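Inspection log for the structure reproduced underneath, given as structure tokens.
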Amino acid sequence: MGLENISKMLAKARQEKYAVGAFNILDYNSMKAVIAAAEQLNAPVIVQTSVATVKFWGTKPMISWFRQLAESAQVPVAIHLDHCKELDVITDCIEQGWTSVMIDASSKPFEENLAISQQVVDMARPKNISVEAELGAIVGVEDDIHVKHQDAHLADIEQSIRFCEKVRPDCFAPAIGTAHGLYKGQPKIAFELAEQIADKTGIPLALHGGTGLSEEVFAKCIALGCAKVNISTQLKHVFIDSFVDYHNSNSRQYNPLKVLGAQYQQLKEMVNENIKLFGSEGKAN
Ligand code: 13P
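Residues 3 to 287, numbered by our numbering, are exactly what the sequence shown covers, in order.
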């Protein structure tokens, strides 16, 4: 099965009312754990890369790890560039073989966001690469993107319709009240807005800020039209805590492969739990 475009993956998810998990990996070990968890549950999955991670490793090593893992995977897997404002990074990922990219021009005025997003679609689509685009401003920190509370705002319904009619992204990320990072208190999700956007645009929605949302919120958002759920902060926490916990309980153990093995197991379990929550278990075929 292996490598697959997200537009096909998300269309099926939307139709069958489940969501595909998109996990922001950090290295080979976490990429492998994400794909192994999806294989274990016979689920489609999206390996997501932040711009900071892409810059840290470089596109060539990352795509070679991915190809090696994806080609032998028994489930559909995609590699997606998360929130990117830089056209040269998008171009590099497209050339190297990412199966989808996210253009995040949401900090620009509406018309400018629309024009830039359209430019990315024009660049990607002839190569069969899918595009996610954002409208509104999602509060919180996602690597190099910081949106303060006073700057956050929900997507506007009329603008969402116009944006999607013009740009036709494969996946649309309207700000609906979720946040990147850890929630302080109960998030106020604009469910009605999400439903209206999903119904009126017909485009599968991406639910950003997946870390810390409840089972009920996931279920409701997925029922309304969210077909992709992003998880980053939770993966970062497990990535670091698993190392620390292993070392605390085995303080004389200096075999790094044992530590990496413990980290791999915990990452895999975390991805496993999320796939079950999103309803994508058994949806690989
Ligand atoms: P969290 O960091 O809240 O999991 O959000 C992830 C995300 O939306 C990445 O774009």
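Glycine included, each C-beta is placed from N, C-alpha and C at the ideal position.
Quantities reported herein were computed from a predicted structural model and do not represent experimental measurements.
Please name the residue, chosen from the options, that lies closest to residue i on a Cα-to-Cα basis.
| i | options | result |
| --- | --- | --- |
| PRO63 | MET33, ILE105 and ALA40 | MET33 |
| ALA13 | GLY204, GLY60, GLU144 and ASN252 | GLY204 |
| ALA221 | ASN276, ASP146 and GLN236 | ASN276 |
| CYS2 | TYR266, TYR248 and VAL53 | Nothing about residue 2 can be reported from this structure: the residues present for the chain run from 3 to 287 only. |
| GLN188 | GLU160, CYS228, GLU218 and GLU197 | GLU218 |
| PHE68 | GLU197, GLU41 and ILE81 | ILE81 |
Provide the residue(s) that pair with residue i in DSSP beta bridges, ordered along the chain.
| i | result |
| --- | --- |
| HIS82 | GLN50 and SER102 |
| SER132 | SER102 |
| PRO176 | LEU137 |
| ASN26 | GLN50 |
| GLU218 | DSSP output for GLU218 lists no bridge partner at all. |
| GLY4 | PRO78 |
Could you tell me the distance, in whole angstroms, from the CA atom of residue i to the CA atom of residue j?
| i | j | result |
| --- | --- | --- |
| GLN70 | LEU207 | 29 Å |
| VAL133 | PHE174 | 9 Å |
| SER162 | GLY179 | 15 Å |
| GLU114 | VAL123 | 14 Å |
| ILE8 | GLN50 | 11 Å |
| PHE245 | VAL261 | 6 Å |
| SER108 | ASN252 | 46 Å |
| PHE25 | MET272 | 10 Å |
| GLN76 | GLN268 | 21 Å |
| ASN31 | LYS238 | 13 Å |
| LEU83 | TYR256 | 35 Å |
| ALA177 | ARG254 | 47 Å |
| PRO258 | TYR266 | 12 Å |
| SER66 | TRP59 | 11 Å |
Can you list, in chain order, the residues of its chain with a C-beta nearer than 6 Å to that of residue i? Leave out the 5 residues immediately preceding and following it.
| i | result |
| --- | --- |
| PHE165 | LEU116 and LEU137 |
| VAL22 | MET11, ALA15, PRO46, ILE48, LYS230 and SER282 |
| ALA72 | GLY4, LEU5 and VAL79 |
| LYS202 | ILE163 |
| ALA38 | LYS270 |
| TYR248 | VAL261 and ALA264 |
Between residue i and the rest of its own chain, which residues show a CB-CB distance below 7 Å, the 5 nearest in sequence each way excluded?
| i | result |
| --- | --- |
| LYS168 | LEU116 and GLN120 |
| ILE105 | CYS86, ILE92, ILE118, SER119, VAL122, VAL133 and ALA135 |
For residue i, does the three-state DSSP call read helix, strand or coil?
| i | result |
| --- | --- |
| ALA40 | helix |
| ILE233 | strand |
| VAL77 | coil |
| HIS249 | helix |
| LEU209 | strand |
Closer than 8 Å by C-beta to residue i: which residues in its own chain qualify, once you throw out the five before and the five after it? Chain order, please.
| i | result |
| --- | --- |
| GLU88 | VAL53 |
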